[in-house]
Amino acid sequence: MKVSREQVAENRRTILDAASRLFRERGYESVSVAEIMQGAGLTHGGFYGYFASKDALIAGALADVLSKRPEPTGDLAEFAASYLSAAHRDNRAGGCPTAALAAETVRLDGEPRAEMTAGVRRQIARLSRIAPGETDVQKRQVAIGSWAAMVGAMILARVSDDPVLSEEILEQTQTWLAGDRKEQGGSIPGPVRPVRGDAAGRAGRSFQTPPGTVVERPARPPTRGKRPGRTRTH
Numbered sequence: 003m004k005v006s007r008e009q010v011a012e013n014r015r016t017i018l019d020a021a022s023r024l025f026r027e028r029g030y031e032s033v034s035v036a037e038i039m040q041g042a043g044l045t046h047g048g049f050y051g052y053f054a055s056k057d058a059l060i061a062g063a064l065a066d067v068l069s070k071r072p073e074p075t076g077d078l079a080e081f082a083a084s085y086l087s088a089a090h091r092d093n094r095a096g097g098c099p100t101a102a103l104a105a106e107t108v109r110l111d112g113e114p115r116a117e118m119t120a121g122v123r124r125q126i127a128r129l130s131r132i133a134p135g136e137t138d139v140q141k142r143q144v145a146i147g148s149w150a151a152m153v154g155a156m157i158l159a160r161v162s163d164d165p166v167l168s169e170e171i172l173e174q175t176q177t178w179l180a181g182d183r184k185e186q187g188g189s190i191p192g193p194v195r196p197v198r199g200d201a202a203g204r205a206g207r208s209f210q211t212p213p214g215t216v217v218e219r220p221a222r223p224p225t226r227g228k229r230p231g232r233t234r235t236h
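Encoded structure:
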């Protein structure tokens with residue numbers, strides 16, 4: 003029986019939804035095409051009528067789920083509170099695809115990685131619209147730093163088998179993000195200039211220090227010149 007174009011499109015969406023949830027829950031390698039098709043309520047043999055390969059499915063699933071992210075409402079603090087919640091941590095299958103799949107996607111080439119990169123760009127742009135700051139550059143800086151902290155905290159909270167530590171990671175990251183903005187009085191610090199010295203400087207590297215930190219620099223070597231004459235005694 004011939005399937006209509008509308009049904010083909012609907013089946014494809016169903017496969018993408020099933021793949022997205024299974025990939026986020028268990029990872030790319032641990033999920034087979036047969037399991038995805040079963041989750042979509044379709045036969046395994048029909049898969050290649052929708053996708054040329056599993057990699058094509060991965061790219062399609064990423065593009066689909068990353069494009070469905072809702073526009074954040076409220077301010078960045080409200081977004082962080084929702085993101086850094088125990089409910090989100092415990093819902094891998096329905097949670098953030100970046101936190102769930104970025105570490106695996108970095109090992110892939112081609113379309114999957116390109117789709118993840120596009121999703122990161124879109125999310126930074128979304129968060130920049132609700133981030134504090136006086137200029138677009140400052141807002142983008144806050145959005146990138148905050149988003150990186152949130153995703154990293156979610157990964158660490160999920161990987162920890164200690165529930166107390168997992169909760170602490172979420173709570174302290176949220177507190178740190180809120181406190182960082184409060185301490186700055188709503189303003190965003192500019193880029194920290196690199197401090198070069200001793201081994202780091204000689205190697206051509208630089209490091210940054212938190213505001214208020216006193217950096218001890220090596221004392222200047224004595225200027226080479228004539229030694230002071232000795233006082234003769236008669």
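The opening residue of the sequence shown carries number 3 in this note's numbering; numbering runs sequentially from there. C-beta atoms are modelled at their ideal positions from N, C-alpha and C, and glycine is treated no differently.
Going by DSSP, residue 138 is part of the alpha helix (DSSP H) stretching over 138 to 161. Between the beta-carbon of residue 129 and that of residue 78 there is about 6 Å, and that keeps the pair under the 8 Å contact cut.
When secondary structure is reduced to three states using DSSP, residue 53 falls in the coil class, being assigned neither helix nor strand. Contact annotation, residue 21 with residue 38: C-beta distance approximately 5 Å; criterion of less than 8 Å satisfied. Boundaries of the alpha helix (DSSP H) harbouring residue 92: 88 to 92, taken from the DSSP string. Contact annotation, residue 13 with residue 44: C-beta distance approximately 6 Å; criterion of less than 8 Å satisfied. Between residue 172 and residue 115, the C-beta gap is not smaller than 8 Å, which leaves the two residues out of contact.
Here residue 83 really is in contact with residue 176; their C-beta atoms are around 6 Å apart, less than 8 Å. About 7 Å separates the Cβ atoms of residue 94 and residue 160, confirming a contact at the 8 Å cut-off. By the criterion of a C-beta distance shorter than 6 Å, residue 157 is surrounded in its chain by 101, once the five residues flanking it on both sides are discounted. Following the DSSP letters along the chain, one finds residue 30 in no alpha helix (DSSP H), marked with neither H nor E. Here residue 62 is near residue 18, since their CB atoms are less than 8 Å apart. Following the DSSP letters along the chain, one finds residue 106 inside the alpha helix (DSSP H) bounded by residues 99 to 107.
A residue is called buried once 16 or more other Cβ atoms fall within 10 Å of its Cβ, and residue 50, having fewer, is exposed. Taking 8 Å as the upper bound for CB-CB distance, residue 28 and residue 97 are not in contact here, some 13 Å apart. Under the DSSP assignment, residue 114 falls in the alpha helix (DSSP H) whose first and last residues are 113 to 132. The continuous alpha helix (DSSP H) containing residue 83 extends over residues 78 to 85. Straight across, the Cα-Cα distance linking residue 66 with residue 170 is about 32 Å. When C-alpha distances from residue 76 are compared across 10, 9, 133, the shortest belongs to 133. A straight line joining the alpha-carbon of residue 99 with that of residue 23 spans about 9 Å.
Rounded to whole angstroms, the separation of the alpha carbons of residue 131 and residue 137 is 11 Å. As the crow flies, the alpha-carbon of residue 5 is around 51 Å from that of residue 139.
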